[in-house]
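All remarks here apply to the structure that follows.
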Amino acid sequence: LNFIKDNSARSAFFGVWGMGGVGKTTLINLVSDSRSKYHDDFAKVLFVQAVKGFTTVADLQKAIAISIAIPQIGNQISQAHIIHNHLRDKSFLLLVDDLWEDLDLDEVGIPSLDAAQPHRRKVVFTTRSMYVCSKMGCCCPEDTIQMKCLSKQDAWNLFTQKVGSKIFDDEEIHELAEEVSTT
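Heads up, the sequence shown is in full-length UniProt numbering, so the first residue is 1 and it goes up one at a time.
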């Protein structure tokens, strides 16, 4: 994502949105797995998985505390202070997968993302809703990207790449495989 490397102060948020199953989680996992690419830009790279109906501020705080190896406190306010104090003098990239509603970063303990502060701080998140993107602070079209389903041809190409050429050996299997991969 160019957004991560971009030093401009345009926005601190980038939302990836689209219907379930189009690859948003795969994309953000690839970004997370490439953390070493971002260590020159960010002192900390944090990854948090949100889950509809089960993600509370405390759950997010726990995931962040584990990610940055700080003590976990049962009290949300105290935990927010600990997270904030740990990150306040650092640049960081926060990756949040599967947001179903906007997230109050202040309540979680995430320091200001204001461009006026001296540290680079960015948040990349995935969601099914463009509305969540706007509520999280993605003000411009450049701050979001909609992931769509693959075309039938691209879906077939991906399927054959993953399964291999054996599906071409049996015509019946080939037809069934083509139908499955493109629906």
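All C-beta atoms, glycine included, are put in the ideal place defined by N, C-alpha and C.
Would you please state the rounded distance, in angstroms, between the beta carbons of residue i and residue j? I believe it to be under 8 Å.
i	j	result
P71	R88	That pair is no contact at about 16 Å.
G137	F13	4 Å
K162	T182	With 8 Å as the limit, K162 and T182 do not qualify as a contact, their Cβ atoms being about 14 Å apart.
H119	K166	That pair is no contact at about 52 Å.
Short check: CB of residue i to CB of residue j, under 8 Å?
i	j	result
V16	L27	yes
K62	F92	no
A69	L99	no
D97	T144	no
S11	C140	yes
K148	G18	yes
V124	L95	yes
I66	I73	no
In this structure, does DSSP put residue i in helix, strand or coil?
i	result
T126	strand
W156	helix
Q79	helix
residue 192	In this structure the chain extends from 1 to 183, so residue 192 is not present and cannot be described.
T26	helix
D33	helix
Kindly identify the DSSP beta-bridge partner or partners of residue i.
i	result
D97	Q49
I145	V16
R121	F92
K44	F92
Shorter than 8 Å from the beta carbon of residue i to some beta carbon of chain C?
i	result
Q146	Among the protein chains of the structure shown there is no chain C, as only one such chain exists.
Mind the definition here: the region 37-56 touches the region 150-164 only if three or more C-beta pairs lie below 8 Å; say whether that holds. The way I'd put it, the region 37-56 doesn't touch the region 150-164; fewer than three beta-carbon pairs between them come closer than 8 Å.
* Asked: Quick check: the region 96-106 against the region 45-57, are there 3 or more CB pairs under 8 Å?
  -> yes
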